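Undergrad: The numbering of the sequence shown is numbering that gives the first Met the number 0, which starts it at 0 and goes up by one.
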Amino acid sequence: MPSFVPTDPLGLDELLGPEDLAIRDTVRGWAADRVLPHIAGWYESGELPGIRELARELGAIGALGMSLTGYGCAGASAVQYGLACLELEAADSGIRSLVSVQGSLAMYAIWKYGSEEQKQRWLPGMAAGELIGCFGLTEPDVGSDPAAMRTYAKRDGGDWVLNGRKMWITNGSVAAVAVVWAQTDEGIRGFAVPTDSAGFSAPEIKHKWSLRASVTSELVMDDVRLPADAVLPGVTGLKGPLGCLSHARYGIVWGSMGAARASFESALDYAKTREQFGRPIGGFQLTQAKLADMALELHKGILLAHHLGRRMDAGTLRPEQISFGKLNNVREAIEICRTARTILGANGISLEYPVMRHATNLESVLTYEGTVEMHQLVLGKALTGLDAFR
Ligand code: FAD
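1) I need the DSSP call for Ala177, collapsed to helix, strand or coil.
2) Bridge partners for Glu138 per DSSP, in chain order?
3) When you measure from the CB of Leu136 to every non-hydrogen atom of ligand 1, does any distance come out below 7 angstroms?
4) What is the DSSP secondary structure of Ala75, reduced to helix, strand or coil?
5) For Tyr352 versus Met311, is the C-beta spacing smaller than 8 angstroms?
6) Can you check DSSP and say which residues form a bridge with Lys428?
7) DSSP beta-bridge partners for Lys165?
8) For Ala229 and Phe190, which I take to be in contact (beta-carbon distance under 8 angstroms), what is that distance rounded to the nearest angstrom?
9) Sort out for me which residues DSSP pairs Cys133 with in a bridge.
10) Which same chain residues end up closer than 7 angstroms to Lys325 when comparing Cβ atoms and leaving out the 5 residues on each side of it in sequence?
11) Using the beta-carbon count (16 or more within 10 Å), is Ser92 buried or exposed?
12) Is it true that the CB of Val78 sits closer than 8 angstroms to the CB of Leu130?
13) How would you label Ser216, buried or exposed, when you count the other beta carbons within 10 angstroms and need 16 or more for buried?
14) Which class does Glu203 belong to by DSSP, given the choice of helix, strand or coil?
15) Rounded to whole angstroms, what's the CA-CA distance from Arg23 to Ala83? Just pull it up for me.
16) Alpha carbons only, please: which of Leu47, Leu15, Thr150 is nearest the one belonging to Glu203?
17) What does Tyr399 pair with, by DSSP beta-bridge criteria?
Right, here's the structure in full:
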């Protein structure tokens with residue numbers, strides 16, 4: 000009989016092959032060296048210094064566009080990509096966001112819908128982390144209902160002229176290329192916009208209390224003139240951005256469990272050493288109930304992520320199933336972080352421990368890539384056959 004391992008109570012590591020474990024260890028090691036020693040300071044100052052160097056290092060370990068094939072991408076499985084997301088988010092959701100937006104949104108859009116020329120131009124540099132990408136869908140007045148977007152691209156001779164605003168765009172101010180979704184006379188189209196184009200600017204959004212170690216920006220496009228070949232030729236309509244979002248949301252199913260794991264492990268350690276009333280607080284039944292419930296949701300969540308990963312690798316994963324995973328895992332992750340915070344008492348609010356940072360990060364994760372309510376509506380529609388969106 001194998002022994003009980005507190006960090007892997009269900010023996011889920013047995014689901015992983017040697018290559019999966021090697022990738023996980025590489026990413027975990029990178030995050031331990033390059034993120035964990037600094038993250039509290041970055042979070043406190045509300046910045047991600049050295050983001051370009053971090054991106055190049057992430058490129059060097061194959062983490063950018065990891066599950067894409069060709070163009071310098073690693074061609075990893077969906078499960079391996081998920082494991083990487085979990086390890087990165089165990090360090091900080093901001094680092095996982097950098098990687099998700101780069102790989103699953105900006106690179107994926109170009110890889111899936113771009114011309115061969117666009118792929119050759121952007122993807123190798125993005126896979127190497129030399130070029131950072133962002134993905135502009137949300138606008139100041141348009142979030143959950145992207146069909147209502149106002150950003151507009153109009154044909155002018157052989158060119159396109161792009162006007163509009165995008166809001167809350169991860170990596171925006173440091174991006175070399177912005178994948179921007181816009182209305183056109185033909186329906187919604189995607190554009191690969193070089194960020195040095197005249198009329199394009201990306202001021203950073205400050206005063207965030209969540210994802211503080213992440214660059215979040217507004218994209219301002221005033222008469223940005225683009226050549227005809229800036230449009231992504233492979234898709235028209237909302238299914239373009241939604242296809243990218245499915246890929247990114249899948250990574251969040253895993254990533255959120257990383258934030259939960261870090262908070263759980265912090266609370267478990269603390270409960271074993273912090274003494275009150277003459278004994279470790281982990282010896283009190285109420286603390287044990289919290290720890291047991293946290294472990295249940297954490298490892299059920301990882302098992303769910305793994306199941307979805309296998310379906311993605313088999314080509315059978317449906318968007319409703321991604322909604323299932325994102326809804327469940329982010330909601331449970333934030334609950335785990337909040338419970339961990341209570342176990343740490345006053346220390347729980349300090350940046351000396353990771354739990355409050357993870358909890359506040361997850362407030363963003365709960366909202367981006369489809370809010371809780373949007374995923375409830377997706378599942379509600381799939382269950383009942385009735386559309387309650389509008
Ligand atoms: P709204 O859509 O205005 O929703 C507000 C509330 O109303 C929510 O609770 C919502 O669920 C609810 N609601 C809306 N419609 C309904 C309905 N029909 N029924 C019930 N409830 C409803 N976007 C990008 O395009 N690219 C990025 O890189 C990016 N990065 C982000 C980074 C951060 C840190 C954050 C916080 C956001 C980011 N976003 C990004 C934006 C994010 O995707 C949006 O915030 C999200 O889609 C929700 O849109 P909204 O904030 O406009 O909220």
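In this text, a Cβ means the ideal position worked out from N, Cα and C, and glycines have one as well.
Note that the coordinates shown come from a computational prediction; the quantities given were computed from them, not determined experimentally.
TA: Answer, in terms of the structure:
1) For the purposes of this step, residue 177 is taken as residue 178 along the sequence shown, with counting starting at 1. Strand, per DSSP.
2) Here residue 138 corresponds to residue number 139 of the sequence shown, with the count starting at 1. Its beta-bridge partners are Val141.
3) Position 137 of the sequence shown, counting from 1, holds the residue named residue 136. Yes, Cβ of Leu136 sits closer than 7 angstroms to a heavy atom of ligand 1.
4) For this step, residue 75 is matched to residue 76 along the sequence shown. It is coil, neither helix nor strand.
5) Residue mapping note: residue 352 aligns to position 353 of the sequence shown, counting from 1. Residue mapping note: residue 311 aligns to position 312 of the sequence shown, counting from 1. Not in contact: Tyr352 and Met311 (Cβ atoms no closer than 8 angstroms).
6) Summary: the structure shown does not reach residue 428, with the chain confined to residues 0 through 389, and so no result is reported for it.
7) For the purposes of this step, residue 165 is taken as the residue at position 166 of the sequence shown. DSSP output for Lys165 lists Leu218 as bridge partner(s).
8) Numbered from 1 along the sequence shown, position 230 holds the residue referred to as residue 229. Numbered from 1 along the sequence shown, position 191 holds the residue referred to as residue 190. Sure, about 5 angstroms apart at Cβ, within 8 angstroms.
9) Taking the sequence shown and counting its residues from 1, the one referred to as residue 133 is at position 134. Note: Cys133 sits in a beta bridge opposite Ala177.
10) By one-based count along the sequence shown, residue 325 stands at place 326. Taken in chain order, the residues that qualify are Arg248, Ile251, Val252, Glu368, Gly369, His374.
11) In the sequence shown, counting from the first residue as 1, residue 92 sits at position 93. Burial call: buried.
12) Within the sequence shown, the letter at position 131 stands for residue 130. Within the sequence shown, the letter at position 79 stands for residue 78. Contact: no.
13) Against the sequence shown, residue 216 aligns to sequence position 217. Buried, because 16 or more other Cβ atoms sit within 10 Å of the Cβ of Ser216.
14) Translated into positions along the sequence shown, residue 203 becomes position 204. It is a strand residue.
15) Indexing the sequence shown from 1 puts residue 23 at position 24. Indexing the sequence shown from 1 puts residue 83 at position 84. So the two alpha carbons sit approximately 6 angstroms from each other.
16) Position 204 of the sequence shown, counting from 1, holds the residue named residue 203. It is Leu47 whose Cα lies nearest to the Cα of Glu203.
17) Lying outside 0 to 389, the shown extent of the chain, residue 399 is not represented and no answer is given.
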